[in-house]
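Colleague: Just so we're aligned, residue 18 is where the sequence shown starts under the working numbering, counting upward by one.
We put the CB at the ideal spot given by N, CA and C, even for glycine.
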Amino acid sequence: MDEDRFQALYAATHARLWAYVYRLTGERAVADDLVQDSYCRLFQLPPGRVRAGAERAYLYRIATNLVTDHHRRRTRLGARLRELLLAHEAAPPRAPEPGEGGELQAIFDRLPRRDAALLWLAYVDGHDHAEMAEILDVKPASVRVLLSRARARLADLLQPESPGNHAYPPALAPSRGPGSRD
Numbered sequence: 018m019d020e021d022r023f024q025a026l027y028a029a030t031h032a033r034l035w036a037y038v039y040r041l042t043g044e045r046a047v048a049d050d051l052v053q054d055s056y057c058r059l060f061q062l063p064p065g066r067v068r069a070g071a072e073r074a075y076l077y078r079i080a081t082n083l084v085t086d087h088h089r090r091r092t093r094l095g096a097r098l099r100e101l102l103l104a105h106e107a108a109p110p111r112a113p114e115p116g117e118g119g120e121l122q123a124i125f126d127r128l129p130r131r132d133a134a135l136l137w138l139a140y141v142d143g144h145d146h147a148e149m150a151e152i153l154d155v156k157p158a159s160v161r162v163l164l165s166r167a168r169a170r171l172a173d174l175l176q177p178e179s180p181g182n183h184a185y186p187p188a189l190a191p192s193r194g195p196g197s198r199d
């Protein structure tokens with residue numbers, strides 16, 4: 018990819034890609050590193066490796082794979098070793114700043130990684146099903162089913178204690194057919 022196309026892609030995608038990776042990892046420094054690595058890997062691909070117009074989806078696929086690798090590496094570390102390393106490197110905990118979405122992050126942390134990725138790609142980044150399939154390396158026909166299941170799991174997490182009362186965020190609320198009453 019030539020430098021001008023790369024810079025245009027970077028300008029158009031960096032903020033959203035970083036937000037996506039941050040939601041999947043929950044750590045700013047990790048998101049910074051993985052996003053930087055994603056762009057480096059895309060830039061280093063031989064010319065013609067990514068078809069024209071598919072660079073954004075390919076970039077997200079690289080980032081998603083790096084997040085998966087990151088989580089695998091963390092899982093391989095023993096729990097005790099991870100605690101020791103994090104205790105040594107971690108800064109004191111702080112409350113999220115306004116607009117950081119601490120509540121949203123807590124919900125995303127409780128979702129399976131694939132569900133969090135699907136919901137973020139669909140409702141925050143606005144990817145279509147074909148792009149999501151390419152990013153997550155699943156069949157396009159599977160995206161609709163997987164997204165439906167992810168919405169159901171999210172609804173379960175958001176549901177208040179009283180039975181029958183569904184608290185869907187407006188963007189995720191199930192659509193009602195014509196002629197239905199509120």
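1) Could you have a look at Arg111 and say whether DSSP puts it in helix, strand or coil?
2) Where does Leu128 fall in DSSP's three states?
3) Please name the residue, chosen from Val38, Val67, Ala28, that lies closest to Arg131 on a Cα-to-Cα basis.
4) Round the Cβ separation of Arg73 and Thr30 to the nearest angstrom and send it over; I've been treating them as touching at under 8 Å.
5) Would you call the stretch 79-90 in contact with the stretch 50-69, where contact means no fewer than 3 C-beta pairs closer than 8 Å?
6) Could you tell me which whole alpha helix (DSSP H) segments of length 4 or greater appear in the stretch 24-96?
7) How is Met149 classed by DSSP in three states: helix, strand or coil?
8) Starting from Val162, trace the alpha helix (DSSP H) in both directions and tell me its first and last residue.
9) Closest by CA to Leu175, which one among Arg127, Pro63, Leu164, Asp86?
10) For Gln122 and Ala134, I'd like the C-alpha separation in whole angstroms.
11) Given a threshold of 16 other Cβ atoms within 10 Å of its Cβ, counted over all protein chains shown, does Ala167 qualify as buried or as exposed?
12) Can you tell which of Ala69, Val47, Gly70 has its C-alpha closest to the C-alpha of His88?
13) Looking only at its own chain, which residues have a Cβ that is under 8 Å from the Cβ of Tyr27, when we skip the five neighbours before and after it?
14) Straight-line CA distance for Ala139 to Ala36?
15) Within a Cβ cutoff of 7 Å, which residues of the same chain sit near Val84, ignoring the five residues on either side of it in sequence?
Modeller: Put simply:
1) For this step, residue 111 is matched to residue 94 along the sequence shown. Model confidence at Arg111 stands at a pLDDT of 47, short of 50, so the residue's coordinates are unreliable; what they give is reported in the following sentence. If DSSP states are grouped into helix, strand and coil, Arg111 belongs with coil.
2) If you number the sequence shown from 1, residue 128 lands on position 111. Reduced to three states, the DSSP call for Leu128 is coil.
3) To locate residue 131, count along the sequence shown from 1; it is residue 114. Considering only Val38, Val67, Ala28, the residue with the shortest C-alpha distance to Arg131 is Val38.
4) One-based indexing of the sequence shown puts residue 73 at position 56. One-based indexing of the sequence shown puts residue 30 at position 13. That pair is a contact at about 6 Å.
5) yes
6) 45-60, 72-93
7) Your numbering for residue 149 matches position 132 in the sequence shown. Met149: helix per DSSP, three-state reduction.
8) What you label residue 162 is simply residue 145 of the sequence shown in a count that begins at 1. It spans 157-175 - the alpha helix (DSSP H) in which Val162 sits, taken as one unbroken run.
9) Sequence index remark: in the sequence shown, residue 175 carries index 158 (1-based). The residue with the shortest Cα to Cα distance from Leu175 is Arg127.
10) Here residue 122 refers to the residue found at position 105 when the sequence shown is read from its first residue. Here residue 134 refers to the residue found at position 117 when the sequence shown is read from its first residue. Distance between Gln122 and Ala134, taken at the CA atoms: about 12 Å.
11) The sequence position of residue 167 within the sequence shown is 150, counting from 1. Counting Cβ neighbours within 10 Å, Ala167 comes out buried, since at least 16 surround it.
12) In the sequence shown, counting from the first residue as 1, residue 88 sits at position 71. Taking only the C-alpha atoms, the option nearest His88 is Val47.
13) If you number the sequence shown from 1, residue 27 lands on position 10. Answer for Tyr27: Tyr56, listed in chain order.
14) What you label residue 139 is simply residue 122 of the sequence shown in a count that begins at 1. What you label residue 36 is simply residue 19 of the sequence shown in a count that begins at 1. Near 13 Å, if we compare the C-alpha coordinates of Ala36 and Ala139.
15) Stepping through the sequence shown from its first residue, residue 84 is reached at position 67. Val38, Leu41, Thr42, Leu51, listed in sequence order.
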